[in-house]
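Visitor:
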Amino acid sequence: MNVRKMMVIGAGQMGSGIAQVAAESGLTVLLNDMNDELIQEGFSRIQHHLEKRVKNNKINEEEMALVLSRIVPSNDLRDAHDVDVVVEAVVEKMEVKKSVFQTLERICPSHTILASNTSSLPITEIAACTQCPERVIGMHFMNPVHAMKLVEVIRGLATSEETFKVVKSLAQTMGKVAVEVQDFPGFIANRILIPMINEAIFCIHEGVGTIESVDQVLKLGMNHPMGPLELADFIGLDTCLYIMETLHEGLGDSKYRPCPLLRKYVMAGWLGKKSGRGFYDYSIDKSKR
Ligand code: NAI
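Its first residue numbered 0, the sequence shown is counted upward by one per residue in numbering that gives the first Met the number 0.
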């Protein structure tokens, strides 16, 4: 199948990024959210990124206008009646995702592929709530979408070969590198990344080092562009905790137990950059932090 038109559901951080790269690759994209204000916020985020690209002479004004013209606002899932692919990027809650997929199944034509950008929920379980599990797949973009090359393409137990091939080729059309992953908790990216972050938090918890020394060791010793605690603040400590819990529950191994200090920070509302305080204090100027 040649994908021409897609819908992205959820115009938040990830959905707006996915819509942007899809439109940049020439696709018509319906950008869906629950109301016009949320869609406009997503659209403004895209516009802001594109303006930066114009400023840096990566694209010109006409190209920016063309990309924006390919993004069509939608506040009604029924607009998905003629799309080839849907990429769902709503909140990370199983019941919300299931309800979206069940609605889509009734609206979309029989060739439409239903992809989820979930970072941790089982694709097989989302697929099982529909009558078309062979057309359900994971398409896990990384944050920020416009900058990161990787897309994990996750096969649910019933995902068909045809669905996999179309999504892999779509990711390539969008300028990404698709990596095939089987459906297990955390997939590959978060199965490795989040336990590393959790271990870094254990190092603080047990007094092995300070926040700065742990970050410095990984940056200077392993060439990581960001230290694990800085990265945890960027991802959101609540999200890190949620993924550790998913790994712990899904794999049943005590090595995935979340660090008590991570729980404590989340309990305190210290969620990282988005709340202004995590391992670092974002109310203070970066140079003095
Ligand atoms: P976000 O909170 O920025 O955006 C979610 C959007 O979905 C909101 O605009 C919300 O209004 C909308 N929404 C909620 N229910 C809806 C419904 N029923 N219909 C239409 N829109 C609905 O969240 P974010 O960070 O963009 O995450 C979205 C998904 O992407 C989640 O599944 C998350 O796990 C996944 N993800 C997040 C990454 C990250 O670093 N934030 C990285 C990779 C995947």
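Don't be surprised by glycine CBs; every beta carbon is placed ideally from N, CA and C.
May I ask you to report which of helix, strand or coil DSSP gives Phe186?
Guide: Coil, per DSSP.
Visitor: Looking at the secondary structure, which residues open and close the alpha helix (DSSP H) in which Thr245 lies?
Guide: Where Thr245 is concerned, the enclosing alpha helix (DSSP H) stretches over Leu236 to Leu250.
Visitor: Could you give the distance in angstroms between the alpha-carbon of Glu104 and the alpha-carbon of Ser115?
Guide: Approximately 14 Å between the Cα atoms of the pair.
Visitor: Suppose the cutoff is 8 Å on Cβ atoms and the five residues either side in sequence are ignored; what does the same chain contact list for Ala170 look like?
Guide: Correct list, in chain order: Met138, Val150, Val152, Val176 and Ala177.
Visitor: Quick one: does the C-beta of Gln19 sit closer than 8 Å to a heavy atom of the ligand NAI?
Guide: It does not: the Cβ of Gln19 is nowhere closer than 8 Å to a heavy atom of the ligand NAI.
Visitor: Spell out a yes or no on whether the segment 4–18 and the segment 138–148 are touching, meaning 3 or more CB-CB pairs, one atom from each, closer than 8 Å.
Guide: Because the criterion of three Cβ pairs below 8 Å is met, the segment 4–18 and the segment 138–148 touch.
Visitor: Beta carbon of Gln12: closer than 8 Å to some heavy atom of the ligand NAI?
Guide: Under cutoff, so the answer is yes.
Visitor: Since Val135 and Thr158 should fall inside the 8 Å C-beta cutoff, what is the C-beta to C-beta distance between them, to a whole number of angstroms?
Guide: Sure, about 7 Å apart at Cβ, within 8 Å.
Visitor: DSSP state of Gln181, grouped into three classes?
Guide: Correct three-state label for Gln181: strand.
Visitor: List the endpoints of the continuous beta strand (DSSP E) containing Arg154.
Guide: Unbroken beta strand (DSSP E) run through Arg154: Leu149 to Arg154.
Visitor: Can you tell me the Cβ-Cβ gap for Ile106 and Pro72, rounded? I've got them flagged as a contact below 8 Å.
Guide: Ile106 to Pro72, Cβ: 17 Å. No contact.
Visitor: If you pair each beta-carbon of the segment 118–129 with each one of the segment 184–198, do three or more pairs fall below 8 Å?
Guide: The segment 118–129 is in contact with the segment 184–198.
Visitor: According to DSSP, what are the bridge partners of Leu113?
Guide: DSSP, once it has assigned bridges, lists Val85 and Val135 as partnering Leu113.
Visitor: What do you get for Ile210, buried or exposed, if any count of 16 or more other CB atoms within 10 angstroms of its CB means buried?
Guide: Result: buried.
Visitor: I'd like the span of the alpha helix (DSSP H) that includes Pro72, first residue to last.
Guide: Pro72 -> not in any alpha helix (DSSP H); beta strand (DSSP E) instead, spanning Ile70 to Ser73.
Visitor: Tell me whether Asp81 is buried or exposed, calling it buried when 16 or more other Cβ atoms sit within 10 Å of its Cβ.
Guide: Exposed: under 16 other Cβ atoms inside 10 Å.
Visitor: So, are the CB atoms of Gly155 and Ala126 less than 9 Å apart?
Guide: Yes, these two residues count as a Cβ contact at 9 Å.
Visitor: Three Cβ pairs or more, each shorter than 8 Å: is that satisfied between the segment 246–255 and the segment 215–223?
Guide: No, the segment 246–255 does not touch the segment 215–223.
Visitor: Which runs of the alpha helix (DSSP H) spanning at least 4 residues fall entirely within the segment 9–94, listed in chain order?
Guide: The qualifying runs are 12–23, 35–54 and 60–68.
Visitor: Are there 16 or more other CB atoms within 10 angstroms of the CB of Met225, so buried, or fewer, so exposed?
Guide: Exposed, since its Cβ has fewer than 16 Cβ neighbours within 10 Å.
Visitor: Can you give me the Cβ contacts of Ile45 inside the same chain, cut-off strictly under 6 Å, excluding the 5 residues immediately before and after it?
Guide: Result list for Ile45: Ser15 and Gln19, in chain order.
Visitor: How many whole angstroms separate the CB atoms of Tyr281 and Lys272, which I take to be in contact at a CB cut-off of 8 Å?
Guide: Contact flag correct, Cβ pair sits at about 6 Å.
Visitor: Rounded to the nearest angstrom, what separates Glu244 and Leu228 at their Cα positions?
Guide: Spanning the two alpha carbons is a distance of roughly 18 Å.
Visitor: Use the C-beta contact count for Arg276: other C-beta atoms within 10 angstroms, 16 or more gives buried, fewer gives exposed.
Guide: That one is buried.
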